[in-house]
Amino acid sequence: MYEPQSVEKRIYQFWEESGAFQADSSSEKPKFSIVMPPPNVTGSLHLGHAWNNTLQDIIIRYRRMAGYEALFLPGTDHAGIATQTRVEKMLREETGQSRYDLGREKFVERVWDWKREYGNRITNQVRAIGSSCDWSRERFTMDEGLSKAVRTVFVELYNRGLIYRGNRIINWCPRCSTALSDIEVEHMEVPGKLYHVRYPYVDGSGEVVIATSRPETMFADVAVAVHPDDTRYQNKIGKMLQLPLTDKQIPVIADNYVEQEFGTGCVKITPAHDPNDFEVGLRHNLEMPQCIDADAKMTALAGAYAGLSREEARIRVVEDLRQGGYMVKEEELLHAVGHCSRCDTVVEPFLSDQWFVKMGPLAEKALASLGRKELEFVPERFERVFTHWLDNVRDWCISRQLWWGHRIPAWYCDSCGEITVAMDTPETCQHCGSKDLRQDDDVLDTWFSSGLWPFSTMGWPNDTEDLQAFYPTSVLVTAYDIVFFWVARMVFTGLEFTDKMPFEKVVMHGLIRAADGRKMSKSLGNGVDPLEVIEKYGADALRFTLANGTSPGNDQRFYWEKVEGSRNFINKLWNASRFVLMNLPADEPLQDLDPGAFSVVDKWIVTRLQETVDEVSGHLLRYDFGEAGRALYDFTWDEFCDWYIEFAKLSLYGEDEAAKGQTRAVLVYVLDNVLRLLHPMIPFVTEEIWQSLPVSGPSLILASWPQPDQTWTFPAAVEEVRQVIEVIRSVRNIRAEMNVAPSKPIHLLIRANSVQSDALLHSVEPYLKRFCNAEAVDIGTNQTAPDKAVTAVFGGGEIYVPLTDLVDLGAEQERLQKERDRLQSEVLRATKKLSNQQFVAKAPPEVVESEKQKAAEYQQRLASVEERLAALMAD
RNA sequence: GCGGCUGUAGCUCAGAGGGAGAGCACCACCUUGACACGGUGGGGGCCACAGGUUCGAUUCCUGUCAGCCGCACCA
1 MYEPQSVEKR IYQFWEESGA FQADSSSEKP KFSIVMPPPN VTGSLHLGHA
51 WNNTLQDIII RYRRMAGYEA LFLPGTDHAG IATQTRVEKM LREETGQSRY
101 DLGREKFVER VWDWKREYGN RITNQVRAIG SSCDWSRERF TMDEGLSKAV
151 RTVFVELYNR GLIYRGNRII NWCPRCSTAL SDIEVEHMEV PGKLYHVRYP
201 YVDGSGEVVI ATSRPETMFA DVAVAVHPDD TRYQNKIGKM LQLPLTDKQI
251 PVIADNYVEQ EFGTGCVKIT PAHDPNDFEV GLRHNLEMPQ CIDADAKMTA
301 LAGAYAGLSR EEARIRVVED LRQGGYMVKE EELLHAVGHC SRCDTVVEPF
351 LSDQWFVKMG PLAEKALASL GRKELEFVPE RFERVFTHWL DNVRDWCISR
401 QLWWGHRIPA WYCDSCGEIT VAMDTPETCQ HCGSKDLRQD DDVLDTWFSS
451 GLWPFSTMGW PNDTEDLQAF YPTSVLVTAY DIVFFWVARM VFTGLEFTDK
501 MPFEKVVMHG LIRAADGRKM SKSLGNGVDP LEVIEKYGAD ALRFTLANGT
551 SPGNDQRFYW EKVEGSRNFI NKLWNASRFV LMNLPADEPL QDLDPGAFSV
601 VDKWIVTRLQ ETVDEVSGHL LRYDFGEAGR ALYDFTWDEF CDWYIEFAKL
651 SLYGEDEAAK GQTRAVLVYV LDNVLRLLHP MIPFVTEEIW QSLPVSGPSL
701 ILASWPQPDQ TWTFPAAVEE VRQVIEVIRS VRNIRAEMNV APSKPIHLLI
751 RANSVQSDAL LHSVEPYLKR FCNAEAVDIG TNQTAPDKAV TAVFGGGEIY
801 VPLTDLVDLG AEQERLQKER DRLQSEVLRA TKKLSNQQFV AKAPPEVVES
851 EKQKAAEYQQ RLASVEERLA ALMAD
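Positions 1 to 875 (the working numbering) are the ones given, in order, by the first sequence.
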């Protein structure tokens, strides 16, 4: 039994130390490169990473074997919010201090300590799944070089007018105390209420009724808007309203944004707390007071409610509105509420000074480039998702109120108030020369640095050899859930700063789900730790599970049973290899392959191997890992193990030394190639086995990828062995159906229906004897059915198994009738097709021809079965 | 609202314009000298539904139903 635990660590170390993972930028070979989506340093490997890494590593190992200089560049990102939160929590637990107690500098130093201590945990986990990364090129988003790239891009974009600072509404997470970009907000349908509230006119001439889902923001109301065409309110525009629960007065204004049909057609305008109202505020030049602060608490503006949380405030405000007679009605409302994607807190639309990337021009460039087919998505459909998003992008808020991250290279002048943006800390203000400069406190969104990953990792902005050799990268492999976060940003920055798409292809895979189809998540506690899988079944089994039988871009569910199946396959391979090895002579060299001396089964397996090589290579080139895995599984188990090895035993246990030598050579040849083909998927076992095979080369990881060899294909042999197998199966079926114990020898008679068939059957007689457990085999073109025999019909003739004392005539009749029915329906199907003039006229000739052949063969078989049946009835 | 995915054996899923597949589960048999994480044989499916294109559709197109997922500021 194969035990991966004792093998995998050793093999990985061997590879790593042998330099097999290292790519040479000065190599003459064609280049192939992948940059790994950097996992969070704080994180630990989950099955999604495992899947992602498996696919990348399959691609890289395949290309490396196929003669490319292959680079798989690993690294991690600094994960601003996640890491900072983590270290803050640790700090609080250990010393009771907050980051403010420590101060920025000390705190950041603390995070670096943490990173140095735990940061290589995840990269060691990546090693455990076998990724053949070039660790000498490992990068971290906060490395000096990558930080320089970040500053360069920031300064450049600022100078090109694509980065600006503005006082705008952004998504604010009160718990994380930072701004978030639009895509870091998850909208969830939440039941709420639509409150209809009376706002009376100041002059006592009545009232308007507004509808709101957030009554607690009313203290920051600056107007009530109606549609300019709304006849109900046209003459009210400009009138003043008394804001309930306050002494404030606000005007009725007109704006096209209001929908007349919704609610009452009146909208309260709160520019500081609602993105739409903010736009209205800008259009009408309104004040933008805030009644909720950064901690999601009510400000002094809320008067008596100041200091309350927004939730408490709502309850109290609603109550007081009811008391005061302002509440008209309360309707149930299901509405989408933004939640922080990291901590699930309800996001507050918050007016503040932030930095933004102007997306319009960047998106346009990306769309143009996509239009020119400069990037290919696999599967294709993801391109639509991508372009649709690009069509509607909004500016990207990139500043984060954190300490851990790339600090924004912008300085404010206390003398003139202007901003200086520079690569290096400026001595003086660019505008007035003053030395009173303060650097912006904020850091950049982590994705800002991840967005530069394909080229920043290769040394950009310096013009390095790596960039020359390996950029643009060949493929990007990622799950579809981060196309917008990551892929899009890399595309923008790649085009803007390198004038190239950062990768030729984007290969998308799905998400891995729990067995019940739900997402794996910490809160549900239904996550499976890949390391546990590796510990129990080995990394190869995990990899094969994740790659085999999957479909591009689709999700998959995790099943331990599937891992078990993979483990069984690996074990099968291991045992087959043991068989091959134990049948090799210890001291003689292996014979050369001599196709002239091949037996029919040798020709067959060698041909099937060529076909498999062709098939698997094609699937891998198309990134169709599931199909590649399936083809290899079937060939290895069903054809090589179940049939060829069994055939080979005859020769190996026989007396013919020449045949034995050939068989050994074929076994080794096929196994060698199977190992090569399987290596990208299950690198550990294949390397381990390969090391003990009598083949030349330092390691499988550096061995060459098999090429299909047309001179070694014997199509006739494939057809012949197919027939031999059919005979053997038929006899086994007879044994099982007629309850003849496998241990009981039988007498086998075969009537060949052609000379060729006769010759073939004679040549494979030893196989028939062994596989059918026949004490005697009689083959001839004029064999006839003996009395009391069980019959089966195959393509090349008829099989008779005399069962003198055992035969149950009823059972045999039943068997033959079943077979007759089956054949009849086949004949019917074929003749029906052929009698259709349209089919014969319009279908491709080869299809018609093969249909004719089928019809003829089934006719013949049917006739045989009917004849036998008649004879049986006559008895 | 817009866009996308999925619907195939009891379960999980591949597949492809010309005879329905795999793994697991199930039934029967097998202590065969690589492997019981194994071997042999077997049962099981109107390929969601309705139209259309085609000589031919489970596969392509349209619609319906069901499940899921993105994107979207409707108070």
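C-beta atoms are modelled at their ideal positions from N, C-alpha and C, and glycine is treated no differently.
Give the DSSP-derived three-state secondary structure of residue i in the structure shown.
i: Y68; result: coil
i: V224; result: strand
i: E504; result: strand
i: S763; result: helix
i: T711; result: helix
i: Y62; result: helix
i: L581; result: helix
i: S18; result: helix
i: R394; result: coil
i: E287; result: coil
i: R751; result: strand
i: K788; result: coil
i: A50; result: helix
i: W411; result: strand
i: G780; result: strand
i: V209; result: strand
i: M218; result: helix
i: H196; result: strand
i: V666; result: helix
i: V378; result: strand
Less than 8 Å between the CB atoms is what I'm expecting for residue i and residue j, so what's the real figure, rounded?
i: H679; j: M65; result: 7 Å
i: V209; j: Y233; result: Not quite, the Cβ-Cβ distance comes to about 11 Å (not below 8 Å), so this is no contact.
i: V507; j: V487; result: Not really, about 11 Å apart at Cβ, beyond 8 Å.
i: A541; j: I512; result: A541 to I512, Cβ: 15 Å. No contact.
i: V865; j: E819; result: 5 Å
i: R104; j: S98; result: The pair is not a contact, with the Cβ atoms about 12 Å apart (cut-off 8 Å).
i: L390; j: L367; result: 5 Å
i: G810; j: L761; result: No, G810 and L761 are not in contact; Cβ-Cβ is about 30 Å, not under 8 Å.
i: K193; j: E88; result: Actually they do not touch by this definition, with Cβ atoms about 35 Å apart.
i: P271; j: V222; result: 6 Å
Compute every distance between the C-beta of residue i and the non-hydrogen atoms of the ligand ATP, then say whether any falls below 6 Å.
i: V155; result: This structure lacks the ligand ATP, and indeed carries no ligand of any kind.
Look at the alpha carbon of residue i and the alpha carbon of residue j, and state the distance between them as a whole number of angstroms.
i: L452; j: I645; result: 52 Å
i: M240; j: A220; result: 16 Å
i: W574; j: A539; result: 15 Å
i: T464; j: T457; result: 11 Å
i: F455; j: M142; result: 14 Å
i: V674; j: T636; result: 7 Å
i: A294; j: T473; result: 42 Å
i: T880; j: C343; result: What the structure shows of the chain is the stretch from 1 to 875, and residue 880 is not part of that stretch, so it cannot be assessed.
i: D758; j: N782; result: 10 Å
i: V483; j: F386; result: 7 Å
i: E726; j: V848; result: 25 Å
i: D778; j: S696; result: 45 Å
i: S369; j: T493; result: 13 Å
i: D320; j: D247; result: 15 Å
i: E851; j: Y767; result: 31 Å
i: E259; j: L243; result: 22 Å
i: A659; j: G119; result: 58 Å
i: L408; j: W114; result: Looking at the sequence provided, one finds Ile at residue 408 rather than Leu. Approximately 23 Å, taken between the alpha carbons.
i: Y480; j: G510; result: 6 Å
i: A703; j: R868; result: 56 Å
i: E720; j: R751; result: 16 Å
i: L632; j: T612; result: 7 Å
i: A717; j: A741; result: 31 Å
DSSP puts residue i in a beta bridge; with which residues?
i: D353; result: N167
i: A191; result: In the sequence on display, residue 191 carries Pro and not Ala. Its beta-bridge partners are L334.
- Where in the region 471-533 do unbroken runs of the beta strand (DSSP E), each at least 3 residues long, occur, reported from the N-terminal end onward? 473-479, 503-509
- Can you list, in chain order, the stretches of the alpha helix (DSSP H) that have 4 or more residues and sit fully within the region 89-177? 99-102, 104-118, 120-128, 144-159
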